[in-house]
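Number of protein chains: 2
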Amino acid sequence: MASRETIGPHPTRIEILKSAAAAFRRLGYHGATVEQIAAALHMKKGNLYYYFHNKEEILFACHQYSLERLMGLLHEVEQSGLAPDVKVRRLIVAGVHTILDELHGTALFLDLEALSPAHLKTIIAGRDQFDQGLRRLLEEGVKAGVFDRGDIKLRSFAMLGALNWIPRWYDPDGPATSQEIADRFADYLIAGLRVHEA
Amino acid sequence: MASRETIGPHPTRIEILKSAAAAFRRLGYHGATVEQIAAALHMKKGNLYYYFHNKEEILFACHQYSLERLMGLLHEVEQSGLAPDVKVRRLIVAGVHTILDELHGTALFLDLEALSPAHLKTIIAGRDQFDQGLRRLLEEGVKAGVFDRGDIKLRSFAMLGALNWIPRWYDPDGPATSQEIADRFADYLIAGLRVHEA
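First to last, the protein sequences are chains A and B. Each residue of the first sequence is one higher than the last, beginning at 9 in the numbering used here. Each residue of the second sequence is one higher than the last, beginning at 9 in the numbering used here.
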């Protein structure tokens with residue numbers, strides 16, 4: 009979290025995004041103002057406008073940041089040479105950390121409707137690419153005989169839904185750490201993919 | 009869907025909710041106006057205000073309607089005397105139909121932030137009751153030796169996330185019917201719960 013202690017007089021772009029994501033989480037996208045985002049960073053509103061022209065640009069940058077992280081994870085995993093189920097596990101675990109620890113669980117989930125049409129198109133295209141990547145991993149697992157045959161598209165939607173919903177219930181003060189959530193989600197979501205005797 | 013053909017000059021409350029949910033789906037909650045909701049029902053805006061004082065009340069009524077349906081399903085399933093895995097299957101299948109066919113997939117998902125604090129509290133309390141019910145079914149399955157031991161709370165969140173995310177990707181003109189989605193989701197989400205040899 010971008011705490012007062014760690015943010016200096018000239019916050020980086022990512023510090024701004026983290027602080028904005030925290031404000032969006034707390035107040036909702038529509039509820040949070042640019043003033044509040046700037047104040048949390050001890051910035052003047054005018055200085056924040058040096059980085060972003062308006063609140064929508066900040067939201068877009070949050071989405072882009074999350075997507076870039078997730079796409080980076082996907083490529084790492086795809087090139088890892090690991091077994092398909094281990095690849096999927098890595099992607100789920102790292103995905104949960106990205107969702108929960110990087111931008112306060114908001115960025116993937118926040119009102120897509122608040123984005124401008126051009127930005128929305130970019131984000132949806134990025135998400136589609138991630139979805140495609142997950143499906144490739146599932147297909148790899150089916151071909152390797154590790155995962156059961158089945159509707160890969162619907163399974164990938166179920167997995168992404170489980171992950172994307174986390175910000176709705178996650179309580180940073182709750183009993184489960186992000187690591188525990190990541191591990192238990194991976195256990196459950198992968199168990200449903202495996203080939204089992206009926 | 010509340011089509012022009014089926015809605016008479018005096019739409020019922022549920023016809024209004026269905027039409028509003030369709031407008032929210034198409035235009036977003038913030039994008040849809042009461043005028044548009046009324047126009048789709050061939051009503052005057054003033055007549056719509058006879059039923060609901062404002063757009064937020066319509067949104068709240070959509071949430072309440074979905075929750076009541078889901079709670080009704082839960083009680084039916086709980087009293088059915090079926091095996092735990094069959095109960096969970098019924099709940100998932102009926103839940104998908106409620107989400108997709110009843111109110112155009114929007115009601116459970118739409119901006120909760122748009123609700124007034126009192127309405128939000130009511131809806132969150134209702135959701136919590138549903139979550140508790142799902143967890144009771146999962147526990148029943150664990151006790152019966154049908155479901156694997158594991159973190160029931162996190163599993164129930166994963167299941168609800170998969171379901172609640174459906175409106176984000178569902179395409180009424182897409183290849184999968186709501187029945188197929190319901191069946192495949194039940195297959196996958198229950199497979200991950202079962203006791204298996206490793």
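Ideal Cβ placement from N, Cα and C applies to all residues, glycine included.
Quiz item: Can you name, in chain order, every residue of its own chain whose Cβ lies under 6 Å from the Cβ of glycine 268(B), other than the five neighbours on each side?
Solution: No answer is possible for residue 268(B): the residues shown for chain B start at 9 and end at 206.
Exercise. Pull up the CB-CB distance for proline 92(B) and phenylalanine 155(B), whole angstroms please, since I reckon it's below 8 Å.
Key: Reading the second sequence from its first residue, position 84 is the one you call residue 92(B). Reading the second sequence from its first residue, position 147 is the one you call residue 155(B). A Cβ-Cβ distance of about 7 Å is found for the pair proline 92(B) and phenylalanine 155(B), placing them in contact under the 8 Å criterion.
Quiz item: Considering only residues of the stretch 122–158 of chain B, which uninterrupted alpha helix (DSSP H) runs meet the minimum length of 4 residues and lie entirely inside it, listed in chain order?
Solution: The stretch 122–158 of chain B contains these whole alpha helix (DSSP H) runs: 125–151.
Quiz item: So, using beta-carbon positions, are isoleucine 174(B) and isoleucine 100(B) closer together than 7 Å?
Solution: On the second sequence, residue 174(B) is found 166 positions in, with the first residue counted as 1. On the second sequence, residue 100(B) is found 92 positions in, with the first residue counted as 1. Contact: no.
Self-check item: For valine 104(B) and leucine 145(B), believed in contact at Cβ under 8 Å, the rounded distance
Solution: The residue given as residue 145(B) occupies position 137 in the second sequence. The residue given as residue 104(B) occupies position 96 in the second sequence. About 16 Å; that fails the 8 Å criterion.
Quiz item: Beta-carbon of leucine 162(A) versus every beta-carbon of chain B: anything under 7 Å?
Solution: Taking the first residue of the first sequence as position 1, residue 162(A) is located at position 154. So, interface residue.
Quiz prompt | Continuous alpha helix (DSSP H) stretch holding methionine 167(A): start and end | solution = Indexing the first sequence from 1 puts residue 167(A) at position 159. Unbroken alpha helix (DSSP H) run through methionine 167(A): 160–172.
Quiz item: Going by beta carbon distance, what residues of the same chain come within less than 6 Å of glutamate 188(A), once the five residues before and after it are set aside?
Solution: Translated into positions along the first sequence, residue 188(A) becomes position 180. By the criterion of a C-beta distance shorter than 6 Å, glutamate 188(A) is surrounded by no residue of its chain, once the five residues flanking it on both sides are discounted.
Quiz item: Name the chain B residues whose beta carbon is nearer than 8 Å to that of asparagine 172(A)?
Solution: Reading the first sequence from its first residue, position 164 is the one you call residue 172(A). Chain B residues near asparagine 172(A): Gly169, Trp173, Arg176.
Exercise. Give, in chain order, every residue of the stretch 143–162 of chain B whose Cβ lies closer than 9 Å to some Cβ of chain A.
Key: Along the stretch 143–162 of chain B, going in chain order, the ones with a CB nearer than 9 Å to a CB of chain A are Asp156, Gly158, Asp159, Lys161, Leu162.
Quiz prompt | Minimum Cβ-Cβ distance from histidine 204(B) to chain A less than 7 Å | solution = Position 196 of the second sequence, counting from 1, holds the residue named residue 204(B). Histidine 204(B) counts as touching chain A.
Quiz prompt | Per-residue DSSP class, three states only, for glutamate 188(A) | solution = Within the first sequence, numbered from 1, the residue matching residue 188(A) stands at position 180. It is helical.
Practice problem: Using a cut-off of 9 Å between C-beta atoms, extract the partners of histidine 38(A) located in chain B. | Solution: Against the first sequence, residue 38(A) aligns to sequence position 30. At a beta-carbon threshold of 9 Å, the residues of chain B lying near histidine 38(A) are His38, Asp119, Glu121, Ala122, ordered along the chain.
Quiz item: Of the choices Asp159(B), Tyr57(B), Lys63(B), whose alpha-carbon is the least far from that of tyrosine 37(B)?
Solution: Taking the first residue of the second sequence as 1, we reach residue 37(B) at position 29. Closest option to tyrosine 37(B), Cα to Cα, is Lys63(B).
Quiz item: Could one say the Cβ of glycine 200(B) lies closer than 7 Å to chain A's Cβ atoms, at least one of them?
Solution: One-based indexing of the second sequence puts residue 200(B) at position 192. Chain A places a beta carbon closer than 7 Å to that of glycine 200(B), counting this residue as a contact.
Quiz item: Who are arginine 202(A)'s beta bridge partners in DSSP?
Solution: The residue you call residue 202(A) lines up with position 194 of the first sequence. In DSSP, arginine 202(A) forms a bridge with Phe155(A).
Quiz item: Would you say the stretch 159–167 of chain A touches the stretch 57–74 of chain A, given that touching needs at least three Cβ pairs under 8 Å?
Solution: Between the stretch 159–167 of chain A and the stretch 57–74 of chain A, the count of C-beta pairs closer than 8 Å stays below three; the two stretches do not touch.
Practice problem: Measure from the C-beta of arginine 192(B) to each C-beta in chain A and report whether the shortest distance is under 7 Å. | Solution: Working through the second sequence from its first residue, we reach residue 192(B) at position 184. For arginine 192(B), the nearest beta carbon of chain A is closer than 7 Å to its own beta carbon.
Quiz item: Do the stretch 188–202 of chain A and the stretch 33–49 of chain B make contact, defined as three or more Cβ pairs closer than 8 Å?
Solution: No, because fewer than three Cβ pairs between the stretch 188–202 of chain A and the stretch 33–49 of chain B fall closer than 8 Å, the two stretches do not touch.
Quiz item: Given that a residue counts as buried once 16 or more other Cβ atoms are within 10 Å of its Cβ, and exposed if not, what is leucine 90(B)?
Solution: By 1-based counting over the second sequence, the position of residue 90(B) is 82. That one is exposed.
Quiz item: In terms of alpha-carbon separation, which member of Leu201(B), Tyr73(B), Ser124(B) lies closest to glutamate 7(B)?
Solution: Chain B is shown from 9 up to 206; residue 7(B) falls before or after that span and cannot be answered.
Practice problem: For the alpha helix (DSSP H) containing glutamine 44(A), list its first residue and its last residue. | Solution: Walking along the first sequence from the start, residue 44(A) turns up at place 36. For glutamine 44(A), the uninterrupted alpha helix (DSSP H) run begins and ends at 42–48, by DSSP.
Exercise. Taking C-beta pairs closer than 8 Å, name the residues in chain A that leucine 197(B) reaches, listed in chain order.
Key: Reading the second sequence from its first residue, position 189 is the one you call residue 197(B). Ordered by position in chain A, the residues that pass the 8 Å Cβ test against leucine 197(B) are Ala166, Gly200.
Quiz item: When you compare each of Leu49(A), Ala133(A), Leu123(A), Ala40(A) to serine 27(A) by their alpha carbons, which one comes out closest?
Solution: What you label residue 27(A) is simply residue 19 of the first sequence in a count that begins at 1. Comparing Cα positions, the closest option is Leu49(A).
Quiz item: Who are the neighbours of isoleucine 189(B) on chain A, taking C-beta pairs under 7 Å?
Solution: The residue labelled residue 189(B) in the question sits at position 181 within the second sequence. Within 7 Å Cβ-Cβ: Leu162.
Quiz item: Secondary structure at tyrosine 178(A), three-state DSSP: helix, strand or coil?
Solution: Taking the first residue of the first sequence as 1, we reach residue 178(A) at position 170. Of the three classes helix, strand and coil, the one that applies to tyrosine 178(A) here is coil, per DSSP.
Quiz item: Sorted by chain position, which residues of the same chain lie with C-beta nearer than 7 Å to arginine 97(B)'s C-beta, five sequence neighbours on each side aside?
Solution: Here the question's residue 97(B) lines up with position 89 in the second sequence. So the qualifying residues of the chain are Ala194, Ile198.
Quiz prompt | Neighbourhood of glutamate 110(A) by C-beta distance below 8 Å, restricted to the same chain and skipping five residues each side | solution = Position 102 of the first sequence, counted from the start, is the residue given in the question as residue 110(A). In the same chain as glutamate 110(A), and ignoring 5 residues on each side of it, the C-beta atoms closer than 8 Å to its own belong to Lys26, Tyr73, Ser74, Arg77, in chain order.
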